[in-house]
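Some notes on the structure that comes next.
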Amino acid sequence: MPTTTWNRHHVLSLADFTAAEYDTVLQTAASFQEVLSRRTKKVPTLQGHVVANLFFEPSTRTRSSFELAAKRLSADILNFAAATSSMTKGETILDTAKTYLAMGTDIMVIRHKEAGVPNAIAAEMDRLGVRVSVLNAGDGQHEHPSQALLDLFTICTLIDPAHPRLELLKGKKIAIVGDILHSRVARSNIWSLTASGAQVHLAAPPTLLPKLFAQYIFEESEGAQDLTKVQKSENTNQEFIISSSPSSPSSPSSPTSHSQNRQLFLHWHLEPALQDADFVMTLRLQKERMTAHLLPSLREYHHMFGITRTKLQLCKPNVKVLHPGPVNRGVEISSELMDDPEFSLIQSQVTSGVAVRMALLYLLGSGKTSAIQN
Amino acid sequence: MPTTTWNRHHVLSLADFTAAEYDTVLQTAASFQEVLSRRTKKVPTLQGHVVANLFFEPSTRTRSSFELAAKRLSADILNFAAATSSMTKGETILDTAKTYLAMGTDIMVIRHKEAGVPNAIAAEMDRLGVRVSVLNAGDGQHEHPSQALLDLFTICTLIDPAHPRLELLKGKKIAIVGDILHSRVARSNIWSLTASGAQVHLAAPPTLLPKLFAQYIFEESEGAQDLTKVQKSENTNQEFIISSSPSSPSSPSSPTSHSQNRQLFLHWHLEPALQDADFVMTLRLQKERMTAHLLPSLREYHHMFGITRTKLQLCKPNVKVLHPGPVNRGVEISSELMDDPEFSLIQSQVTSGVAVRMALLYLLGSGKTSAIQN
Amino acid sequence: MPTTTWNRHHVLSLADFTAAEYDTVLQTAASFQEVLSRRTKKVPTLQGHVVANLFFEPSTRTRSSFELAAKRLSADILNFAAATSSMTKGETILDTAKTYLAMGTDIMVIRHKEAGVPNAIAAEMDRLGVRVSVLNAGDGQHEHPSQALLDLFTICTLIDPAHPRLELLKGKKIAIVGDILHSRVARSNIWSLTASGAQVHLAAPPTLLPKLFAQYIFEESEGAQDLTKVQKSENTNQEFIISSSPSSPSSPSSPTSHSQNRQLFLHWHLEPALQDADFVMTLRLQKERMTAHLLPSLREYHHMFGITRTKLQLCKPNVKVLHPGPVNRGVEISSELMDDPEFSLIQSQVTSGVAVRMALLYLLGSGKTSAIQN
């Protein structure tokens, strides 16, 4: 088990994650991945601890992943599902959280359809001076940090299974394709992948790219104007460099300075994003976007932004494809490609999810425990 | 662990609870409260036992509390939620209970919207000669014994954390405010609190006071008539003394005779109930009472019966406020008061809930186990 | 624990179960029945293993039974309920199953309203070369093998509690009464009971008998024509012998040849099926059959095919009645008969269910574990 110091009390966003923190999560997850390959895939690390899954927005996949991660750490789990709950009638979300606090919860895993709810609960816990940790399992269109961390872990372990670390991605080209505008997965991935020194290329129809980014978009059809801009992020001191072409990467930097120059490229077409890409991350398309007239048709969307074996020929030969799931087969990705183990990392992502969530629960709970035993 | 004898096989109502039984629950819960302060909050007491949560009426708060209590005793839990269940189609509730019996359930925790269901199931189990225990987790407008016991524990441990016991409440003035008529919480609390020798003052609008009590109400505005009455309870041999004023308390009595003279006072206004009160228990207001024309408006209700810091000035200086939750902020209690740790015991109640429910499960299961180990 | 070899990787159907396999399940279940009579009803056999309950069709009874069986083997359980799930939106059932595979599931217990889903998932797992086992917990109108195995275990342990085995049923007359057409329970029971050498008599209104069988029906009112036919099953090499009367049983055969001659008799009336029966299995009547005009009325159905004490007088004196539950009291079976322990095995079936499901989970998981310990 790595002995890296971990001082973070909540995991709410990846915006201020340091390289050391990324590496700690990756290395801890690698240790748990090893545990999961044993015959008895369970450690007593969090025995007697209570993990409350407070899913105000329904989820089966993410909740099951956290539930299994907690069980494999021997924690006790309380599942709260707002849909079938008689709580929250009249009381606030903070009241609900405080009720679980008072029952003795150690870690709260929170999903909510509104951005900022996990932050608000974490702030209240801190105000109360209690040791409860909050883990954001997806809040509105804000962030989904555990998903981005499992994506990162999936990619890094592919490159170096024994020692996954952030710097492995330096100089890699990673395309993120699809509904960037509404995707908390994209938002968290942009933080982690740009922090690694990778070149991150977003590709989406104009209606599904954040307005904030739209003014900086590089449209190759308009000629190669020098559109390089530097934009100050609102939340942090880090800078986004939005370059006009892949030909102006950031200069080589030491591992500790990797987060200084973040490279983000935006495209209204798929092809320049796929060109020589090492990894292609596709995003789930919420079908309700159709009814909001943000998309012409699923067929046309697939024609323009759906990933197929043919389109992958633009990428590096050993390119891999990711998707957070559940996949709309034949929309974001062709059915045959999804099932092709040569290209698809989708199953690995699910497996990584359990290891990464074990790592997060372990790191958040480790202030109260000693170490992983078996 | 206290060595007090416990012969009760079911916990259905507090109507016939003896002082010794109250004290056994309080002392056992205190032991578990200590367990909960350890790093590993788990004991193997009920390992291999099955606790079935049969919640025919939805509940998150109470179910989670019982579920956590059972997990901390290392029991296996089966959750049954009628809302999402394909059972009970055609079969009776007794059939459902017998199915869980046949699966090997040791303790059934039952909530139902109809009064008497837990009693009926317990009677059937006894008729069958099986050892299954039934614990009433709220039945209609009848009783909610574990809630009243956790209220009692919360109050008693505030007075003497190490040795909570019934006699600590002797002579205390406790106000119960709100929808008494429809409240199973109030009904159970009236049994336990009057058994302790406390003076229990109910305050509610006339439409929300039980008709049974209404004829005995002491209305100070009508002058100090001698309205003292003695009323025989239908279910037990115990008597309710409904006195016209706090100036006629029962005479001092030995610990074993405390339940002989129960003092219950009823008010149509809040102020006389609050006057010099040591504790104020507020009840949840079901908003559907509004549509039934039992209430003018939530705002007016709050004006007349809502608890605020200002109104608390009528009480003893160190008065504490309780509420079973979930709270309608700004209705039963002002939002600022609810969050004020100087006055509010609401969080303590939730914490006490786990310890008291561990105690109840332990006592009901103890015929089959030896003692608390760690 | 029996040392019988068990090579089956999935339990999808009883159509190709061998006598040795039936006996292994029965004997293993008997061992677990003994475990369940201990004070601590838990064994560490499947510790660290993950059992996923994938119930695409709602079920409380069967899911609880599998859940308890898994808990008593110390497995970790993931519950998936399609009704409240956000999964399967856009993805296929196979995708959902592969997600649980990727999370590390060892055994999938699957219920679906469409016949063949468990088979399709098992085929996909085999194609992928993974070691996951699939257990059919009821698929459409196809099969429900664990129910038929628990029925078999219930009957066999009644005859010889210490050594339940298939040959105990040789020559017994067993009536299956009710909605044969739509019943996966009936279908699985027909495989196991005819394999045992018992004479199986189906009785149902013509509208609720499978069309496949209808042409061979023995209608005593039409005179005793020689309607004996031999019909080749579509799925296996086994033969159904549909005889015109119980007076032509198959000749005595050695234990290993018991499955050669399967005896199945069909009746449009109840009486010939009950005549001298040793066991009567009643089936649940789905009330929606009424609206499909397959039945006149529940009252008339009960009059013609409902089992009562009076009708049981046609049977052997010590006849027993089974029902998979939940029972429509007063429809398939009279209320008083259901509660009569002299005749009803319904509670025993539920208890057997946990032991039999422990046996199945144990046998499917035993490739990865050593043996039952305590």
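Protein chains in written order, with this note's numbering: chain A, 1 to 374; chain B, 1 to 374; chain C, 1 to 374. Backbone N, C-alpha and C define an ideal beta-carbon position, used for all residues, glycine too.
Quiz item: Taking 8 Å as the CB-CB limit, is P326 of chain B close to chain A?
Solution: Here the question's residue 326 of chain B lines up with position 326 in the second sequence. Closer than 8 Å to some Cβ of chain A, the Cβ of P326 of chain B qualifies, so yes.
Quiz prompt | Neighbour flag for L36 of chain C against chain B, beta carbons, 8 Å | solution = Position 36 of the third sequence, counting from 1, holds the residue named residue 36 of chain C. Output row for L36 of chain C: interface = yes.
Quiz item: From which residue to which residue does the alpha helix (DSSP H) around T28 of chain A run?
Solution: Within the first sequence, numbered from 1, the residue matching residue 28 of chain A stands at position 28. Residues 19-36.
Quiz item: CB of V321 of chain C to nearest heavy atom of the ligand ZN: below 7 Å?
Solution: With respect to the ligand ZN, the structure offers nothing, as it holds no ligand at all.
Quiz prompt | Short CB-CB distance (under 8 Å) between L68 of chain C and chain B | solution = Taking the first residue of the third sequence as 1, we reach residue 68 of chain C at position 68. Answer yes: the Cβ-Cβ gap between L68 of chain C and chain B drops below 8 Å somewhere.
Quiz item: Who are the neighbours of T40 of chain A on chain C, taking C-beta pairs under 8 Å?
Solution: What you label residue 40 of chain A is simply residue 40 of the first sequence in a count that begins at 1. Chain C residues near T40 of chain A: Q47, G48.
Exercise. Kindly list the residues whose CB is nearer than 6 Å to the CB of T282 of chain B, restricted to its own chain and excluding five residues on each side of it in sequence; keep chain order.
Key: Within the second sequence, numbered from 1, the residue matching residue 282 of chain B stands at position 282. Excluding its 5 nearest sequence neighbours in each direction, T282 of chain B has C-beta neighbours in its own chain below 6 Å: V177, G178, I307, H323, E332, I333, listed in chain order.
Quiz item: In terms of residues, what are the limits of the beta strand (DSSP E) holding V319 of chain C?
Solution: Start at 1 with the first residue of the third sequence, and residue 319 of chain C comes out as number 319. Careful: V319 of chain C lies outside any beta strand (DSSP E) and carries neither H nor E.
Exercise. Could you tell me which uninterrupted alpha helix (DSSP H) segments, each at least 4 residues in length, are contained entirely in the segment 84-137 of chain B, listed from first to last along the chain?
Key: Taking only runs of at least 4 residues, the alpha helix (DSSP H) segments lying wholly in the segment 84-137 of chain B are 93-103, 117-128.
Quiz item: For the segment 46-75 of chain B, which segments carrying the beta strand (DSSP E) assignment without a break, of at least 3 residues, lie completely within its bounds, in sequence order?
Solution: 50-55
Quiz item: Do L364 of chain A and L209 of chain A come within 8 Å of each other at the CB atom, strictly closer than that value?
Solution: Counted from its first residue, the first sequence places residue 209 of chain A at position 209. Counted from its first residue, the first sequence places residue 364 of chain A at position 364. The answer is no: Cβ separation not under 8 Å.
Practice problem: Note down, in chain order, all residues in the segment 70-84 of chain A with a beta-carbon under 8 Å from any beta-carbon belonging to chain B. | Solution: D76, L78, F80, T84
Practice problem: At 9 Å on the CB atoms, spell out the chain B contacts of T28 of chain A, in chain order. | Solution: On the first sequence, position 28 is the one that residue 28 of chain A refers to. None at all; the shortest Cβ gap to chain B is about 21 Å.
Quiz item: Given a limit of 8 Å on CB to CB distance, which residues of the segment 138-163 of chain B reach chain A?
Solution: none
Quiz item: In chain order, what residues of the segment 90-103 of chain B put their CB closer than 8 Å to some CB of chain C?
Solution: G90, E91, T92, D95, T96, K98, T99, Y100, L101, A102, M103
Self-check item: Range covered by the alpha helix (DSSP H) that runs through N261 of chain B
Solution: Sequence index remark: in the second sequence, residue 261 of chain B carries index 261 (1-based). Counting along the chain, N261 of chain B falls outside any alpha helix (DSSP H), though it belongs to the beta strand (DSSP E) covering 261-267.
Exercise. For chain C, find out if any of its Cβ atoms is closer than 8 Å to the Cβ of S366 of chain A; answer yes or no.
Key: In the first sequence, counting from the first residue as 1, residue 366 of chain A sits at position 366. Closer than 8 Å: no.
Quiz item: Mind checking whether F305 of chain B and V321 of chain B have CB atoms under 8 Å apart?
Solution: The sequence position of residue 305 of chain B within the second sequence is 305, counting from 1. The sequence position of residue 321 of chain B within the second sequence is 321, counting from 1. It is not a contact, given that the beta carbons lie outside the stated cut-off.
Practice problem: Anything in the segment 301-331 of chain A with a Cβ closer than 8 Å to a Cβ of chain C? List those residues in chain order, please. | Solution: G325, P326, V327, N328, R329, V331
Exercise. If I'm right that F153 of chain C touches A355 of chain C with Cβ under 8 Å, what's the distance once you round it to whole angstroms?
Key: On the third sequence, position 153 is the one that residue 153 of chain C refers to. On the third sequence, position 355 is the one that residue 355 of chain C refers to. Sure, about 7 Å apart at Cβ, within 8 Å.
Exercise. Starting from the C-beta of E57 of chain B, find all residues in its chain whose C-beta is less than 8 Å away, skip the five residues before and the five after it, and write them out in chain order.
Key: Position 57 of the second sequence, counted from the first residue, corresponds to residue 57 of chain B. So the qualifying residues of the chain are A82, R111, H112, K113, G138.
Quiz item: With distances taken from CA atoms, which of A:D95, A:V117, A:R329 is nearest V350 of chain B?
Solution: Working through the second sequence from its first residue, we reach residue 350 of chain B at position 350. It is A:D95 whose Cα lies nearest to the Cα of V350 of chain B.
Self-check item: Local conformation of E219 of chain B per DSSP, three classes
Solution: In the second sequence, the residue the question calls residue 219 of chain B occupies position 219. In this predicted model, E219 of chain B has a pLDDT of only 40, less than 50, meaning its place in the structure is not dependable enough to derive any value.
Self-check item: Residue range of the alpha helix (DSSP H) that includes V350 of chain A
Solution: Position 350 of the first sequence, counting from 1, holds the residue named residue 350 of chain A. Looking at the DSSP string, the run of the alpha helix (DSSP H) that includes V350 of chain A is 346-365.
Quiz prompt | T282 of chain C - partner residues in DSSP beta bridges | solution = For the purposes of this step, residue 282 of chain C is taken as the residue at position 282 of the third sequence. Its beta-bridge partners are C:V177.
Quiz prompt | Beta-carbon proximity list for C156 of chain A, same chain, < 8 Å, skipping 5 on both sides | solution = Your numbering for residue 156 of chain A matches position 156 in the first sequence. Excluding positions up to five away in sequence, the list reads L26, P164, R165, L166, L168, L169.
Self-check item: N79 of chain A - DSSP class collapsed to helix/strand/coil
Solution: Your numbering for residue 79 of chain A matches position 79 in the first sequence. In the structure shown, N79 of chain A sits in a strand (DSSP, three-state: E or B).
Exercise. For the beta strand (DSSP E) holding Q199 of chain A, just list the boundary residues, first then last.
Key: For this step, residue 199 of chain A is matched to residue 199 along the first sequence. Segment 199-203, the beta strand (DSSP E) holding Q199 of chain A.
Quiz item: For R329 of chain A, does the three-state DSSP call read helix, strand or coil?
Solution: The residue labelled residue 329 of chain A in the question sits at position 329 within the first sequence. R329 of chain A: strand per DSSP, three-state reduction.
Quiz item: Do we get a CB-CB distance below 8 Å when we pair R61 of chain A with the residues of chain C?
Solution: Counting from 1 along the first sequence, the entry for residue 61 of chain A is found at position 61. R61 of chain A counts as touching chain C.
Practice problem: Can you tell me which of the three DSSP states E234 of chain C falls into? | Solution: Translated into the one-based positions of the third sequence, residue 234 of chain C becomes position 234. Caution applies to E234 of chain C, whose pLDDT of 41 falls short of 50 and renders its modelled position unreliable; the value that the coordinates give is listed next. Note: E234 of chain C maps to coil in three-state DSSP.
Self-check item: E288 of chain B (DSSP reduced to helix, strand or coil)
Solution: Residue 288 of chain B sits at position 288 when you count from the first residue of the second sequence. Three-state result, E288 of chain B: helix.
Quiz item: What does DSSP give as the partner residues of V185 of chain B in its beta bridges?
Solution: As a working mapping, residue 185 of chain B is identified with position 185 in the second sequence. Paired residue(s): none; V185 of chain B is not in a bridge.
Quiz item: So is P376 of chain C buried or exposed if we call it buried at 16+ other beta carbons inside 10 Å?
Solution: Residue 376 of chain C is absent from the model: chain C starts at 1 and stops at 374.
Exercise. Classify D151 of chain B as helix, strand or coil using the three-state DSSP reduction.
Key: Here residue 151 of chain B corresponds to residue number 151 of the second sequence, with the count starting at 1. Three-state result, D151 of chain B: helix.
Quiz item: By the 10 Å Cβ neighbour count, where 16 or more other Cβ atoms means buried, how is T310 of chain A classified, buried or exposed?
Solution: Taking the first sequence and counting its residues from 1, the one referred to as residue 310 of chain A is at position 310. The residue is exposed, with fewer than 16 neighbouring Cβ atoms inside 10 Å.
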